[in-house]
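K.L.:
Protein sequence lines correspond, in order, to chains V and A. For the first sequence, position 245 matches number 245 in the numbering used here, and the numbering has no gaps at all. Just add 1000 to wherever you are in the second sequence, counting from 1, and you've got the numbering used here. Just so it is clear, CB atoms sit at the ideal spot from N, CA and C, and this is done for glycine as well.
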Amino acid sequence: MTRTHTLAEPRVMDDLDQLEAQSIFILREAYRKLKPLSLLWSLGKDSNVMVWLARKAFMGRVPFPVMHVDTEKKFPEMYAFRDEYTKKWNLDLLLGYCPPVEEIDPSLPPAARSAARKTAGLAAMIDKHKLRGVIAGIRRDEQATRAKERVFSPRGAGHRWDVRNQPPEFWDQYATPYEDGMHIRVHPLLAWREIDIWRYIEREGIPLVDLYFAKDGKRYRSLGDQDITSPIESNAATVAEVIAELESSKTSERAGRAMDHESEDAFERLRVAGYL
Amino acid sequence: MRSSVSVWRGICKMGDHIATQTLSEAHRAAATPIVIVGHVDHGKSTLIGRLLYDTDSLQDGKLAQIVESSRKRGLAVEWSFLLDSLQIERDQGVTVDSTRIPFRLGSREFVIVDAPGHRQFLRNMITGAADAEAAVLVVDAQEGAQEQTRRHAMLLRLIGIRHVIVLLNKSDVLGFDESKIVQAESDVRQLLGRLEIEVEAVVPASARDGDNIASRSERSAWYKGPTLIEALANVPPPASRLALPFRMPVQDVYRFDGVRYVAGRIERGTVRAGDRLTIGAQGQIATVAEVCRWHAPELPVAGAGESIALRLEPDLVPDRGDLLFPADDKAAAPERSARIRTRLFWLRGEPLRVGESFTLRLATAEHDVTVASIDAVVDLDDLTLRQGDEVPPDGFAEITLAASHAVLFDPFSPGFGDGRGVLVDRHQRIVGGAPLIGPADLEEGVHAIHPTASRISAGQQAQARGHKSGVFWLTGLPGSGKSTVARAAEVSLAAQNVKATVLDGDTLRAGLCSDLGFSPEDRRENIRRAAHVAKILSESGQAVIVALVSPLQADRDLARQIVGEGFHEVFVDTSLATCEQRDPKGLYAAARAGKIPEFTGVSAPYEAPLSPELRLGADRTESETVSELTGFVLRVVQP
């Protein structure tokens, strides 16, 4: 077949195009291979990007339920955002709640104990809906333990992450072992960095809770529960300003998350038990 | 067969035939992934820590964290702590999994993949290394290439890393002596030459002290080559796949609001509305009616790397795995063969043998394949090819796969998605990488068999039956009670809704094995057949109880190999005296009278199992033994 120069040429893909294409591929694999499947929507920036990518993958819709595991300690702005965009994006929302903190392992440091509530709430949702696949928005650059993750990460009985015995994963082939009580965590954003997320939000015009933007010299860089997340000093009031701020900063994104700093291995212990 | 010149002699040099086109510099390119590999303790993690420090890529606070962690353990600053961030790694002092760390050189971004050097962790290294554009092979200048150096180099070749830089680390130990370092360089170059790996640069360096990493060392004034950072900056950007003939493996087909979308990621080439495409091995032809995206600039064209959806005219429904390719250009068609030569890196804990069946995953396609032959196995001591019956764990080989139908594929080519075969077992676990070389010709006189495997996975079987399967191999002297116990356990299991089948020696010998006698060869053949039948029944989801004297450990090991996972050796440990006293069939008496030659326990040996999974002791009553066996089976099949 001969082609003339008048035909349009394909766009040269930049880094965001490549990340997007890879994430769409991963989401489509998950949808094809894992049923029932659900996407964890924490209402934060990363999970909004993930919902957006799912809509890209499935021509404007999310063909599986999204799940919000509520600690009931989120910021009021987040609940308002959830209700607004569940409607606007036509999402099938599953709601789950977390057990009271008294039921959680008292040997954990306080903030980690609070985070472990979320793990318990998530585990209950996975069991209740018999989920085989859970899509989660973690990224390798967030935290050293997450850097070791697989895109398809099998969780054994009791939802435990066997960090010493992870399957090989290469050439875009994802293992989908199945035994009773197992599920697979799918991580479409693993290769994204914080700056990529923000640049993609800007490019696509993805809506966010406005807690991310500076008010009175402070903004949230990462959103957890009200009692274990603290804002950072910042004057960045728009997406573009946040990007500019990140480009000049070298502070860790999760610096405002108390549980990461309580002991050297606190975060790894949380993740082995099923925390994101 | 041995060849010492090149391990992959006779195979076309991959990638050379493909037109390359560099991407424009104007847009923001994706980070270049660099994998760092090498033998344990040759200094990989230290190198990464140093690179990040020298290129000012550390987050604020990281340096303080390393200093604090090192101090707590009474050590000087330990660069490798930066990466060994998992607690277990720090405690054991080894990197257990790969990690990715971004860093920047000028305007160019890189991602470092740290791969562990411990040999049992090869699969983690592959996970890290498979997407890399370039590799840094760290070699201790004094120790030279070691076992893992060779293994990692071989893997770089097999997964298709195009650019390799060698770092001769710890060159300070040799005092940066020119003649010693030139010798070390020549040794490494010779090794990599055997693998047809073209080395971009060999850099004498000390990662700990920073010599020739980011800045030129005064201790090696004689060295005129690049520093590591200069060598990395020279790695060309990935070759473009846009100019190649179009390929899109169908990932899925959706129907939303009455519209059918054929979804997939373009492996190479471009596709435009109006193009005529052939669909998979069936060869139907359709025209692209529309290139569909959501919330993206409308373009009637898409290129390699894009995840898109197509509307086809006529509105055909391809299967997942069908390859779409240009319909009107015969030269642009993929290879087509039911027998394929592949290379192999083998990741399963047990060896690979001829006759084993797998699913070959090729992009989104899945094909039932059987290992038709193991053509050569790589000897890792000297990287030569040898004849071999099996591929050991973490081994490398060339094998031939036979599929039940013709497979469409493009031969493997480094840096491209073509021919990236992966072998998956029936538990959906990835057990090997199989870069496809090309169609295999049938040798004259060879009967080409194309076995098929069940499409029902072990998990689906278990779900349908309500229990898992397993093979329980009862061994013991004649008259020890194997068949009696097996038949009684069969009844108890049925009462628990577990489908069990008993294969006992006399019953098999009455039919399937009636052509066999009792010579060691015939006994072995008897066991081989029983094991294959047990495997088939087990794959259909049953609990299989085999009751065979099976006197030799080697023969029972053969059965274990044939059955594979789910094999349980059960020793019915009744003493010779008791068996002889019971003698239910009068066989011992006949053997003692010389009427039965080669009778186990009397005139032929019995090798008791040294570590059976279950031992049924002689001091129990029959009903105790039956409930012990039943309980063991239930624990296995009803976890």
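Using the three-state DSSP reduction, which class does Trp1346 (chain A) fall into: helix, strand or coil?
P.N.:
Trp1346 (chain A): strand per DSSP, three-state reduction.
K.L.:
Given a threshold of 16 other Cβ atoms within 10 Å of its Cβ, counted over all protein chains shown, does Phe152 (chain V) qualify as buried or as exposed?
P.N.:
Result: buried.
K.L.:
What does Tyr85 (chain V) reach in chain A if we use C-beta pairs closer than 7 angstroms?
P.N.:
The contacting residues do not exist; Tyr85 (chain V) stays about 15 angstroms from chain A at best.
K.L.:
How many whole angstroms separate the CB atoms of Phe1518 (chain A) and Val1424 (chain A), which I take to be in contact at a CB cut-off of 8 angstroms?
P.N.:
With 8 angstroms as the limit, Phe1518 (chain A) and Val1424 (chain A) do not qualify as a contact, their Cβ atoms being about 41 angstroms apart.
K.L.:
Just the C-alpha distance for Tyr200 (chain V) and Asn48 (chain V), rounded to the nearest angstrom, thanks.
P.N.:
Distance between the alpha carbons of Tyr200 (chain V) and Asn48 (chain V): 11 angstroms.
K.L.:
Is there a C-beta anywhere in chain V that falls below 8 angstroms from the one on Thr1127 (chain A)?
P.N.:
With 8 angstroms as the cut-off, Thr1127 (chain A) counts as an interface residue toward chain V.
K.L.:
Taking the beta strand (DSSP E) that Val1424 (chain A) belongs to, which residues open and close that run?
P.N.:
Note, Val1424 (chain A): beta strand (DSSP E), Arg1420 to Val1424.
K.L.:
So, do the segment 1622-1635 of chain A and the segment 1487-1494 of chain A have three or more beta carbon pairs nearer to each other than 8 angstroms?
P.N.:
Yes: the two stretches touch, three or more of their Cβ pairs being nearer than 8 angstroms.
K.L.:
With a cut-off of 8 angstroms on the beta carbons, I'd call Ala21 (chain V) and Glu1306 (chain A) a contact; round off their distance for me.
P.N.:
The Cβ separation is near 6 angstroms, so the contact holds.
K.L.:
Can you find a C-beta in chain V that's less than 8 angstroms from the C-beta of Ser1307 (chain A)?
P.N.:
Cβ-Cβ to chain V under 8 angstroms: yes for Ser1307 (chain A).
K.L.:
Let me see if you follow: with CB-CB separation under 8 angstroms, is Val1422 (chain A) close to chain V or not?
P.N.:
Yes, its Cβ sits closer than 8 angstroms to a Cβ of chain V.
K.L.:
DSSP state of His1367 (chain A), grouped into three classes?
P.N.:
It is a strand residue.
K.L.:
Figure out for me which residue from A:Asp1522, A:Gly1541 and A:Ser1575 has the closest Cα to the Cα of Gly1566 (chain A).
P.N.:
Of A:Asp1522, A:Gly1541 and A:Ser1575, the residue nearest in Cα terms is A:Gly1541.
K.L.:
Of all the CB atoms in chain V, is at least one closer than 8 angstroms to the CB of Ile1430 (chain A)?
P.N.:
Closer than 8 angstroms: yes.
K.L.:
At which residue ranges does the segment 13-65 of chain V contain complete beta strand (DSSP E) runs of 3 or more residues, listed in the order of the chain?
P.N.:
37-40, all fully within the segment 13-65 of chain V.
K.L.:
Grab the span of the alpha helix (DSSP H) containing Gly1459 (chain A) for me, first residue to last.
P.N.:
Its alpha helix (DSSP H) spans residues Ala1458 to Arg1465.
K.L.:
Does the beta carbon of Phe1256 (chain A) sit closer than 8 angstroms to a beta carbon anywhere in chain V?
P.N.:
Closer than 8 angstroms to some Cβ of chain V, the Cβ of Phe1256 (chain A) qualifies, so yes.
K.L.:
Need the endpoints of the beta strand (DSSP E) that Thr1149 (chain A) sits in, please.
P.N.:
Where Thr1149 (chain A) is concerned, there is no enclosing beta strand (DSSP E), although the alpha helix (DSSP H) it sits in stretches over Glu1147 to Ile1159.
K.L.:
Applying the 10 Å Cβ sphere with the 16-neighbour rule, what's the burial state of Ala157 (chain V)?
P.N.:
Counting Cβ neighbours within 10 Å, Ala157 (chain V) comes out exposed, since fewer than 16 surround it.
K.L.:
Can you say whether Pro1584 (chain A) is buried or exposed, counting buried as having 16 or more other CB atoms within 10 angstroms of its CB?
P.N.:
Flag for Pro1584 (chain A) reads exposed.
K.L.:
Taking 8 angstroms as the threshold (beta carbon to beta carbon), is Ser1251 (chain A) in contact with chain V?
P.N.:
Looking at the sequence shown, residue 1251 (chain A) is not Ser but Gln. Yes, its Cβ sits closer than 8 angstroms to a Cβ of chain V.
K.L.:
Mind pulling the chain V residues with CB within less than 8 angstroms of Tyr1053 (chain A)?
P.N.:
Correct list: empty, because the minimum Cβ distance to chain V is about 13 angstroms.
K.L.:
Go through its chain and collect everything with a Cβ distance to Leu1552 (chain A)'s Cβ below 6 angstroms, but skip five positions before and after it.
P.N.:
Once the five neighbours on either side are set aside, the close Cβ partners of Leu1552 (chain A) are Glu1607.
K.L.:
Work out the CA separation of Ile1562 (chain A) and Leu994 (chain A) for me, nearest whole Å.
P.N.:
Nothing about residue 994 (chain A) can be reported from this structure: the residues present for chain A run from 1001 to 1639 only.
K.L.:
Beta carbon of Leu1299 (chain A), beta carbon of Val1262 (chain A): below 8 angstroms?
P.N.:
No; because the gap between Cβ atoms is not below 8 angstroms, this pair is not in contact.
K.L.:
Roughly how many angstroms lie between the CA atoms of Cys1513 (chain A) and Gln1387 (chain A), to the nearest whole one?
P.N.:
Taking the straight line joining both Cα atoms gives about 32 angstroms.
K.L.:
Taking the alpha helix (DSSP H) that Thr1270 (chain A) belongs to, which residues open and close that run?
P.N.:
It is not in any alpha helix (DSSP H) - Thr1270 (chain A) instead sits in the beta strand (DSSP E) that spans Thr1270 to Arg1272.
K.L.:
Beta-carbon within less than 7 angstroms of Gly1321 (chain A)'s beta-carbon, same chain only, minus the 5 sequence neighbours each way: which residues are those?
P.N.:
Within the same chain, Gly1321 (chain A) has close Cβ partners Pro1249, Val1250, Thr1364, Ala1365 and Glu1366.
K.L.:
Using a C-beta to C-beta distance shorter than 8 angstroms, which residues of chain A count as neighbours of Phe25 (chain V)?
P.N.:
By Cβ distance, chain A contributes Gln1251, Arg1265 and Ser1307.
K.L.:
Report the CB separation of Val209 (chain V) from Phe58 (chain V) in whole angstroms; it is logged as a contact under 8 angstroms.
P.N.:
That pair is no contact at about 24 angstroms.
K.L.:
Would you identify the three-state DSSP class for Ser1186 (chain A), choosing helix, strand or coil?
P.N.:
The answer is helix: DSSP assigns Ser1186 (chain A) an H, G or I state.
K.L.:
Determine, using beta-carbon pairs with one atom in the segment 86-94 of chain V and one in the segment 108-121 of chain V, whether at least three such pairs fall under 8 angstroms.
P.N.:
Touching, no, given that fewer than three Cβ pairs across the two stretches are closer than 8 angstroms.
K.L.:
At a CB-CB cut-off below 7 angstroms, which residues of chain V make contact with Pro1300 (chain A)?
P.N.:
Going along chain V in sequence order, the residues near Pro1300 (chain A) (Cβ under 7 angstroms) are Ala8.
K.L.:
Quick check on Pro167 (chain V) - is its C-beta less than 8 angstroms from some C-beta in chain A?
P.N.:
Yes, Pro167 (chain V) lies at the interface with chain A (some Cβ there is under 8 angstroms from its Cβ).
K.L.:
Return the first residue and the last residue of the alpha helix (DSSP H) that Arg203 (chain V) is part of.
P.N.:
Residues Glu194 to Glu204.
K.L.:
Could you check how far apart the C-beta atoms of Ser38 (chain V) and Pro63 (chain V) are, in whole angstroms? I think they sit under 8 angstroms.
P.N.:
Ser38 (chain V) to Pro63 (chain V), Cβ: 11 angstroms. No contact.
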